[in-house]
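Q: With the sequence shown counted from 1, adding 6 to any position gets you the working numbering.
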Amino acid sequence: MLRVRTVVGGLRARPALVDLLVAVVLAAVFLRVPTLMAQSGRYGGGFDLRITRPDVVLTLVSAAALTQVRRLPLVTLIATGTAALAALLGGWSVNLAQLALVIALYGYASRAPRAHALVAAATTSVVLGATWALGLTVADQVWGRHNLILWLWTAAALGMAVQGRRASLAALQDRARRAEETREETALRRVAEDRVRIARELHDAIAHHAAVISVQAGVAEHVVDRDPAAAREALHHVRESAKAVLTELQSVLGVLRQDESDLPTAPTPGLDRIGELVASARAIGTPVTVERSGPPWHLTPAVDLTAFRLVQEALTNLQKHAAGAHATVLLSTRGDRLEVTVTNDRPPAGSVPRGPGDRPTPSEDGPIGSGLGLVGMRERVAAAGGQLQTGPTKDGGYRVAAQLPLAPRTDAAASPTPTPAQPSPRAATTRRADR
7 MLRVRTVVGG LRARPALVDL LVAVVLAAVF LRVPTLMAQS GRYGGGFDLR ITRPDVVLTL
67 VSAAALTQVR RLPLVTLIAT GTAALAALLG GWSVNLAQLA LVIALYGYAS RAPRAHALVA
127 AATTSVVLGA TWALGLTVAD QVWGRHNLIL WLWTAAALGM AVQGRRASLA ALQDRARRAE
187 ETREETALRR VAEDRVRIAR ELHDAIAHHA AVISVQAGVA EHVVDRDPAA AREALHHVRE
247 SAKAVLTELQ SVLGVLRQDE SDLPTAPTPG LDRIGELVAS ARAIGTPVTV ERSGPPWHLT
307 PAVDLTAFRL VQEALTNLQK HAAGAHATVL LSTRGDRLEV TVTNDRPPAG SVPRGPGDRP
367 TPSEDGPIGS GLGLVGMRER VAAAGGQLQT GPTKDGGYRV AAQLPLAPRT DAAASPTPTP
427 AQPSPRAATT RRADR
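(1) Would a check of beta-carbon distances place ALA121 closer than 8 Å to chain C?
(2) Checking the sheet assignment: what are the DSSP bridge partners for ASN101?
(3) According to DSSP, GLY397 sits in a beta bridge with which residue or residues?
(4) Give me whichever residues DSSP pairs with SER299 in a beta bridge.
(5) Which residues share a DSSP beta bridge with LEU410?
(6) What are the boundary residues of the alpha helix (DSSP H) that includes GLU116?
(7) Could you give the DSSP three-state label for LEU349: helix, strand or coil?
(8) If you check the beta carbons only, do HIS332 and PRO275 fall under 8 Å apart?
(9) Count the other CB atoms within 10 Å of the CB of LEU140; is the residue buried (16 or more) or exposed (fewer)?
(10) Would you mind giving the Cβ-Cβ distance between LEU410 and THR312, rounded to the nearest angstrom? I have them listed as a contact below 8 Å.
(11) I need the straight-line Cα distance from ALA287 to ALA213, nearest angstrom please.
(12) Determine the closest residue to LEU337 out of GLY300, GLN325, ALA320, ARG315, with distance taken between C-alpha atoms.
(13) Look up ARG59 in the DSSP assignment and say whether it is helix, strand or coil.
(14) Using a Cβ distance threshold of 8 Å, determine whether the segment 66 to 79 contacts the segment 111 to 129, with at least three qualifying pairs required.
(15) Using three-state DSSP, classify VAL390 as helix, strand or coil.
(16) For ILE204, is the classification buried or exposed, using 16 other Cβ atoms within 10 angstroms of its Cβ as the cut-off for buried?
(17) Give the straight-line distance between the Cα atoms of VAL218 and VAL346, rounded to the nearest whole angstrom.
(18) Nearest by alpha-carbon distance to VAL225: which of ALA289, LEU283, LEU178, VAL258 is it?
(19) Our contact map puts ILE155 next to GLY135 with C-beta atoms below 8 Å; I'd like the distance itself, whole angstroms only.
(20) Identify whether VAL75 lies in helix, strand or coil by the three-state DSSP scheme.
(21) Tell me where the alpha helix (DSSP H) around GLY135 begins and ends.
(22) Tell me the rounded alpha-carbon separation between ALA223 and LEU241.
(23) Could you pull the start and end residues of the alpha helix (DSSP H) that THR322 belongs to?
(24) Which residues bound the alpha helix (DSSP H) around VAL284?
(25) In the DSSP assignment, what residue or residues form a beta bridge with ALA333?
(26) According to DSSP, simplified to helix, strand and coil, what is PRO21?
(27) Just to confirm before moving on: does the CB-CB distance between ALA236 and VAL244 stay below 8 Å?
(28) Sorted by chain position, which residues of the same chain lie with C-beta nearer than 6 Å to PRO79's C-beta, five sequence neighbours on each side aside?
(29) Might you give, ordered along the chain, the residues of its own chain that have their beta carbon closer than 6 Å to the beta carbon of ALA406, omitting 5 neighbours on each side?
(30) Could you give the DSSP three-state label for THR274: helix, strand or coil?
(31) With H, G and I counted as helix, E and B as strand and the rest as coil, what does DSSP make of GLU370?
(32) Name the residue from ALA285, LEU344, ALA185 whose alpha carbon lies nearest to the alpha carbon of VAL309.
(33) Rounded to the nearest angstrom, how far is the Cβ of SER68 from that of THR86, given a contact under 8 Å?
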């Protein structure tokens, strides 16, 4: 069985060889079988089955034409049609010509446009019918007039049906190929999006605390000899920031391993931890004021994380590009939006950027070496369904403002419990955090 499948597969891969074998077999049948049947006397049709020399020539010509039925279907149709017409005009019926015409019309109809196939079948039928009507031919002994035309139209119909099926299969294969390409493109896009998300999470989780560590380590190195107490305090801030980095990394890894439910993960940071950002900023000499206004709000975890990261990134950029400038963080609700605004004043005289090449204000590319900066902010805010505006202020400072969607209010959220990130219901007017 396996050997048969191998042979069939090999023949499908070589259609020209198949056409040659079919032509040879048909020629052998028409050149030999009629003679054997006539000699045996068992054929009771009463027809003359003797093969004449013209029959041999027409059979060989028709067989030769059939070898090109796939490569040159129109040429094959014309050649076999001419041979069949010659056989009918000469009264030679024991040959391959008429069967070859039927096969050639099938081959042409299975490859040519449907309109062309119909024209070919109609033309062949009209020519043959005209020769019979004018009395130019004698009745065919084997096929018969009406039978030949019926076989021709049957062959044309089968050819067009095969072509339609072939076109349907090609369309299905094309759709399958496009679907596979789409799946691959989707997978690649998801991988790229995951990489961007991971890079953004790592940047947001580490950059702020890394800036604190860098500044406090510099302070400790600078005052270690003349003010050991200040150096110890700076090292304490370094240690706390390092612990915060580890906590943030655990949170990021928890997001990346969210399918592994058995792994412990740290809670996702939100606006309830904004006090930690303010404390770390103040620890390195950046005065920060937090203002809250409006009715209580209810945020989804994604929006809560986005608001926290936005404030974190804004304060980090402030420490790198405008060290010592006073910053104001405003959290307010307006309609169905939470507005998060971080504004800093002009840097004090003598303040310099942190590190070679840094600019006095954040650029669209963010801090030197990160490549994420404000671009990461925009991506994160857009992913949460919000809007972000950034730019310098008239007094020489810088402003980062975002509008983020509030979560739909439910019965459980209609009277939320005040949290450090939410004002109490009585705090409808602006109040300032302790400086």
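All C-beta atoms in this analysis are idealised placements derived from N, C-alpha and C, irrespective of residue type, glycine included. In this text the structure is predicted, and so the values were computed from the model without any measurement.
A: Quick answer:
(1) The structure shown contains no chain C; it holds only a single protein chain.
(2) Locating residue 101 in the sequence shown gives position 95, counting from the first residue. Its beta-bridge partners do not exist; DSSP assigns none.
(3) Residue mapping note: residue 397 aligns to position 391 of the sequence shown, counting from 1. Answer by DSSP bridge pairing, in chain order: ARG405.
(4) For this step, residue 299 is matched to residue 293 along the sequence shown. The partner list for SER299 (beta bridge, DSSP) reads SER338.
(5) Numbered from 1 along the sequence shown, position 404 holds the residue referred to as residue 410. Partner(s): LEU344.
(6) Start at 1 with the first residue of the sequence shown, and residue 116 comes out as number 110. In the sequence on display, residue 116 carries Ser and not Glu. That residue, SER116, is in no alpha helix (DSSP H); it is neither H nor E in DSSP.
(7) Within the sequence shown, numbered from 1, the residue matching residue 349 stands at position 343. First, the residue type needs correcting, since residue 349 is Thr and not Leu in the sequence shown. THR349 falls in the strand class under three-state DSSP.
(8) Here residue 332 refers to the residue found at position 326 when the sequence shown is read from its first residue. Here residue 275 refers to the residue found at position 269 when the sequence shown is read from its first residue. Not closer than 8 Å, so no.
(9) For the purposes of this step, residue 140 is taken as residue 134 along the sequence shown, with counting starting at 1. The residue is exposed, with fewer than 16 neighbouring Cβ atoms inside 10 Å.
(10) One-based indexing of the sequence shown puts residue 410 at position 404. One-based indexing of the sequence shown puts residue 312 at position 306. With a Cβ gap of about 6 Å, LEU410 and THR312 count as contacting.
(11) To locate residue 287, count along the sequence shown from 1; it is residue 281. To locate residue 213, count along the sequence shown from 1; it is residue 207. Computed Cα separation, rounded: 13 Å.
(12) Taking the sequence shown and counting its residues from 1, the one referred to as residue 337 is at position 331. That would be GLY300, whose Cα lies nearest to the Cα of LEU337.
(13) Numbered from 1 along the sequence shown, position 53 holds the residue referred to as residue 59. If DSSP states are grouped into helix, strand and coil, ARG59 belongs with the helices.
(14) yes
(15) In the sequence shown, the residue the question calls residue 390 occupies position 384. Residue identity differs from the one stated: residue 390 is Ala in this sequence, not Val. Three-state DSSP puts ALA390 in coil, outside helix and strand.
(16) Position 198 of the sequence shown, counting from 1, holds the residue named residue 204. The residue is exposed, with fewer than 16 neighbouring Cβ atoms inside 10 Å.
(17) For this step, residue 218 is matched to residue 212 along the sequence shown. For this step, residue 346 is matched to residue 340 along the sequence shown. Taking the straight line from one Cα to the other gives about 23 Å.
(18) Taking the sequence shown and counting its residues from 1, the one referred to as residue 225 is at position 219. Closest option to VAL225, Cα to Cα, is ALA289.
(19) Taking the sequence shown and counting its residues from 1, one reaches residue 155 at position 149. Taking the sequence shown and counting its residues from 1, one reaches residue 135 at position 129. So it is a contact: roughly 7 Å between Cβ atoms.
(20) Translated into the one-based positions of the sequence shown, residue 75 becomes position 69. Coil, per DSSP.
(21) The residue given as residue 135 occupies position 129 in the sequence shown. Run containing GLY135: 120 to 139, per the alpha helix (DSSP H) assignment.
(22) Along the sequence shown, read from residue 1 onward, the residue named residue 223 stands at position 217. Along the sequence shown, read from residue 1 onward, the residue named residue 241 stands at position 235. Near 7 Å, if we compare the C-alpha coordinates of LEU241 and ALA223.
(23) For the purposes of this step, residue 322 is identified with residue 316 of the sequence shown, where counting begins at 1. Where THR322 is concerned, the enclosing alpha helix (DSSP H) stretches over 307 to 327.
(24) By one-based count along the sequence shown, residue 284 stands at place 278. Segment 280 to 289, the alpha helix (DSSP H) holding VAL284.
(25) On the sequence shown, residue 333 is found 327 positions in, with the first residue counted as 1. Bridge partners of ALA333: VAL294, ASN350.
(26) For the purposes of this step, residue 21 is taken as the residue at position 15 of the sequence shown. Three-state result, PRO21: helix.
(27) As a working note, residue 236 is residue 230 in the sequence shown. As a working note, residue 244 is residue 238 in the sequence shown. Cβ atoms of ALA236 and VAL244: not closer than 8 Å.
(28) Numbered from its first residue, the sequence shown carries residue 79 at position 73. Excluding sequence neighbours, PRO79 sits near GLY113, TYR114, ARG117.
(29) Sequence index remark: in the sequence shown, residue 406 carries index 400 (1-based). Per the sequence presented here, residue 406 reads as Val, with Ala not at that position. Contacts found: ALA320, VAL348, THR396.
(30) Stepping through the sequence shown from its first residue, residue 274 is reached at position 268. THR274: coil per DSSP, three-state reduction.
(31) Looking up residue 370 in the sequence shown gives position 364. Here GLU370 scores only 41 on pLDDT, less than 50, and its place in the model is too uncertain to base an answer on.
(32) Reading the sequence shown from its first residue, position 303 is the one you call residue 309. Out of ALA285, LEU344, ALA185, LEU344 has the C-alpha closest to the C-alpha of VAL309.
(33) Within the sequence shown, numbered from 1, the residue matching residue 68 stands at position 62. Within the sequence shown, numbered from 1, the residue matching residue 86 stands at position 80. SER68 to THR86, Cβ: 5 Å. Contact.
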